[in-house]
Each structure stands twice: as structure tokens, then as C-alpha cells.
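These notes concern the structure reproduced below.
In the numbering used here, the protein residues as written are 2 to 192.
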């Protein structure tokens, strides 16, 4: 199965777990690492291990949709990440630049342009509070590119910035399938 032939969207519900911390520390682009534990992960495809590696785009929500957003804690301006739907650039694979041995799913949540946690940088990275242990609802909607090794972190960061921009552009469409996936992420409690 190739990434381009994979039946999308792929829907997942799991928990946010600690990763290697490299997204934030090395790259300045934090991710919400998805638990792939069989007891935690609910996935719309039966054989998650067969999911092709690559860089994808989609939508994610941290926490329950019923969270009272006016009570946001942890983010500047009182805008909590919890309960909101975010466009995401998603790495699924082994991060060949780092030679990982285990497959990971790492969505980077992209804040709206007016969100107080959005950086002034070209990527618009987001520095939300930590949300380890929280539920994550993720829809992998489309494929961006194959997973590749890069010579140095500068080249990797440059590619990720392009992936983020591509994810934003693709997610801004008004096609029915995009609207349907955004709505599913907003309200989902099961795959």
C-alpha cells in the first residue's frame, strides 16, 4: 500500500503522550504525539501498522468538545487549545532524519492567524500548554509528501515549514469532504 493509494480520511482517537521532545527543542515546531497503544488507539483502519509513512494534513482536537472555551487555562489571552479544531500537518512514520525505530503519529496543531500563541515566524508555530494524557481526535485527510531524510536540521525545518503552509492551504478549501472531516473532529467520540 502506498500513501497515494491509501483510502483517506483516516480517523483516530487516542491520547497525547510524551515523544522525544525534538519538535519543540530542536525545531521549534511542537507536536502532539499520538499514543499507538492498542488499548488506547481507536482507528478507522483495521491494520494501523500498514498505514504508509509520509507527511499528511488534516484536523485535530485536543480534549472534549464540551469544554467551556471561556475558561481556557494555560494559553496566553485565556484561549485554551482544549475543545477547538485545528488544522494539522501530520508526520506518520519513522522520522528518517533521526533514524527512529518505531512508527509515530505526530500532528502539529496550527493556530489561527489571530491566536495569541501563533508565532510571528513564517510557519505560525504554536506554543500551547502541555496536554499530555488528554484525548486527541485526529482526521488524516490528505497526503502532502513522502517521508524523507534531510541533511541537517535547517533543511528539515525548511521542509516542515513548507508542509505547514501546504496543510493550511489545503485545509482552507470548502469542498464537502473537508467540511465533513472538520465537523467530525469537532463532535466525534468514536471512529
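Glycine included, each C-beta is placed from N, C-alpha and C at the ideal position.
What you are looking at is a predicted structure, and each value in this text was computed from that prediction instead of being measured.
Integer Cβ distance of residue i from residue j, believed to fall under 8 Å
| i | j | result |
| --- | --- | --- |
| residue 141 | residue 59 | 5 Å |
| residue 90 | residue 56 | 7 Å |
| residue 192 | residue 13 | 7 Å |
| residue 167 | residue 145 | 5 Å |
| residue 63 | residue 82 | 5 Å |
For residue i, three-class secondary structure by DSSP
| i | result |
| --- | --- |
| residue 34 | strand |
| residue 179 | helix |
| residue 98 | coil |
| residue 7 | coil |
| residue 165 | helix |
| residue 149 | coil |
| residue 39 | coil |
| residue 154 | helix |
| residue 171 | helix |
CB contact check: residue i to chain B, cutoff 8 Å
| i | result |
| --- | --- |
| residue 137 | Here there is only one protein chain, and chain B is not present. |
DSSP bridge partner residues for residue i (one or two, in chain order)
| i | result |
| --- | --- |
| residue 90 | 58, 109 |
| residue 138 | 14, 62 |
| residue 29 | DSSP output for residue 29 lists no bridge partner at all. |
| residue 144 | 57 |
Exposure of residue i, with buried meaning 16 or more beta-carbon neighbours within 10 Å
| i | result |
| --- | --- |
| residue 51 | exposed |
| residue 114 | exposed |
| residue 98 | buried |
| residue 28 | buried |
| residue 184 | exposed |
| residue 93 | buried |
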